[in-house]
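Asks: This is the structure, below, for whatever I ask next.
In our numbering, the protein residues as written are 2 to 389.
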């Protein structure tokens, strides 16, 4: 009697789902080290509780919490009452302004998660955005579009009603500009809070191909905002923020249309984005840099003496120029990546953002074809494949 050979054990032919790219290591390592994973599963929950606690404390008159929700250092000899018309009242600057910045860091964490998950995620699903990776990028671009439309509009209104509208000399005439309206002060501090909060975003999100350039950009931007605020260079800071914000709107819209499948109109709008980028970041922005190069010597004493309200010295000027040149270098790096997209479009491809991670190849888009290939290979080898 012949011995029947026992069937050979077969390996599980079902491929494992590709692991999602890990978040950028800096913040992710901090979260893991201190066992904070549960706190960051839902940004809305934690940030909403903190914001509610701060607002409640402010309503009950707790001094530290009131500093987080009200502008500090009002000019006492002004006719405008800050309690009645904070928008037009004038204010000095001081260390207590950091309370408001801290509040907005937390507030933007909640606002971002709320807008993305509460509005743009269901909107994306209803508009036919398929795949988790694409849906995440769609909702992120939606939030970016909303923020930059608001911030650019606010910055333009403030600049239009300021002496430095279309006149770079007024960045320096009357310097230092140590008094600012409540609207201008709130705008600047909220922008500072937004960009500091972006460190959390860039380190918690999936790692981008240009992660180093993005971190460098955020470091330079936050340093410029904080330093320009303390040295009373808020007029030139306002101009830079306005110049930078507009092209981000023109980028977010075509990317959202791309995720929805409207590739043709996406390509046309991408062309509009390229024009806006080149005009604002490589024409208008260098004009601002040129003003910083020539203006201080022409209109200021070029002396560091804070007790005499003199904050612009040769070293300060060189420091700001170094930061602005560094920022322009990052922008040039990104512009080269944009040219790669343009070259791809002329070769017959569609507009795609080379700076992002592989957003169009999410795990759910890869697994299904791999599984089909595995089934065919198993059938060719005479193996029985267990269906799920």
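Every residue, glycine too, gets a C-beta built ideally from N, C-alpha and C.
#1: On the CB-based measure, 16 or more other CB atoms within 10 Å of its CB, does residue 3 come out buried or exposed?
#2: Pull up the DSSP beta-bridge partners for residue 306, would you.
#3: In the DSSP assignment, find the alpha helix (DSSP H) that holds residue 246 and state where it starts and stops.
#4: Apart from the five residues on each side of it in sequence, which residues of its chain come closer than 7 Å, Cβ to Cβ, to residue 274?
#5: Starting from residue 292, follow the alpha helix (DSSP H) in both directions and report where the run begins and ends.
#6: Applying the criterion that 16 or more other CB atoms from any shown protein chain within 10 Å of the CB defines a buried residue, is residue 281 buried or exposed?
#7: If you draw a straight line from the alpha carbon of residue 265 to that of residue 57, how long is it in whole angstroms?
#8: So which of 309, 286, 46 and 180 has the shortest CA-CA distance to residue 1?
#9: Could you please give the first and the last residue of the uninterrupted alpha helix (DSSP H) stretch that includes residue 156?
#10: Since I believe residue 189 is in contact with residue 119 (beta carbons under 8 Å), could you give me their beta-carbon distance rounded to a whole number of angstroms?
#11: Considering only C-alpha positions, which residue in the set 64, 89 and 104 is nearest to residue 51?
#12: By DSSP, does residue 348 sit in helix, in strand, or in coil?
#13: Between which two residues does the alpha helix (DSSP H) harbouring residue 169 extend?
#14: So, residue 289 versus residue 216, is the Cβ gap smaller than 8 Å?
#15: Around the C-beta of residue 283, are 16 or more other C-beta atoms found within 10 angstroms, so that it is buried, or is it exposed?
#16: Answer yes or no: do residue 115 and residue 143 have a C-beta to C-beta separation smaller than 8 Å?
#17: Report the three-state DSSP secondary structure of residue 123 (helix, strand or coil).
#18: Ends of the alpha helix (DSSP H) at residue 103?
#19: Assign residue 127 to buried or exposed, taking buried as 16 or more other Cβ atoms, counted over all protein chains shown, within 10 Å of its Cβ.
#20: Would you give the residue range spanned by the alpha helix (DSSP H) that residue 223 belongs to?
Replies: Reading off the structure:
#1: Stepping through the chain shown from its first residue, residue 3 is reached at position 2. Any reading at residue 3 must be qualified, since the residue scores a pLDDT of 45, below 50, and its modelled position is unreliable; the value itself is stated next. Exposed: under 16 other Cβ atoms inside 10 Å.
#2: Position 305 of the chain shown, counted from the start, is the residue given in the question as residue 306. Bridge pairing for residue 306: 311 [DSSP].
#3: By one-based count along the chain shown, residue 246 stands at place 245. Where residue 246 is concerned, the enclosing alpha helix (DSSP H) stretches over 235-261.
#4: On the chain shown, position 273 is the one that residue 274 refers to. Counting only Cβ-Cβ distances below 7 Å, and skipping sequence neighbours, we find 248, 251, 252 and 255.
#5: Position 291 of the chain shown, counting from 1, holds the residue named residue 292. In the DSSP annotation of this structure, the continuous segment of the alpha helix (DSSP H) that includes residue 292 starts and ends at 286-300.
#6: What you label residue 281 is simply residue 280 of the chain shown in a count that begins at 1. Looking at its Cβ environment, which holds 16 or more other Cβ atoms inside 10 Å, residue 281 is buried.
#7: Taking the first residue of the chain shown as 1, we reach residue 265 at position 264. Taking the first residue of the chain shown as 1, we reach residue 57 at position 56. Their backbone Cα atoms lie some 49 Å apart in a straight line.
#8: Since the first and last residues shown for the chain are 2 and 389, residue 1 lies out of range.
#9: Along the chain shown, one-based indexing puts residue 156 at 155. Start and end: 133-161.
#10: Taking the first residue of the chain shown as 1, we reach residue 119 at position 118. Taking the first residue of the chain shown as 1, we reach residue 189 at position 188. About 28 Å separates the two Cβ atoms, so there is no contact after all.
#11: Taking the chain shown and counting its residues from 1, one reaches residue 51 at position 50. The residue with the shortest Cα to Cα distance from residue 51 is 104.
#12: Translated into the one-based positions of the chain shown, residue 348 becomes position 347. Residue 348: coil per DSSP, three-state reduction.
#13: Taking the first residue of the chain shown as position 1, residue 169 is located at position 168. Note, residue 169: premise wrong, no alpha helix (DSSP H); not H, not E.
#14: Here residue 289 refers to the residue found at position 288 of the chain shown. Here residue 216 refers to the residue found at position 215 of the chain shown. Not in contact: residue 289 and residue 216 (Cβ atoms no closer than 8 Å).
#15: By 1-based counting over the chain shown, the position of residue 283 is 282. Exposed, by the Cβ-count rule.
#16: Residue mapping note: residue 115 aligns to position 114 of the chain shown, counting from 1. Residue mapping note: residue 143 aligns to position 142 of the chain shown, counting from 1. Against a cut-off of 8 Å, the Cβ pair of residue 143 and residue 115 comes out as no contact.
#17: Along the chain shown, read from residue 1 onward, the residue named residue 123 stands at position 122. Here residue 123 sits in helix by DSSP.
#18: Here the question's residue 103 lines up with position 102 in the chain shown. Note, residue 103: alpha helix (DSSP H), 98-116.
#19: Here residue 127 corresponds to residue number 126 of the chain shown, with the count starting at 1. Residue 127 comes out exposed.
#20: Taking the chain shown and counting its residues from 1, one reaches residue 223 at position 222. For residue 223, the enclosing alpha helix (DSSP H) has its first and last residue at 212-231.
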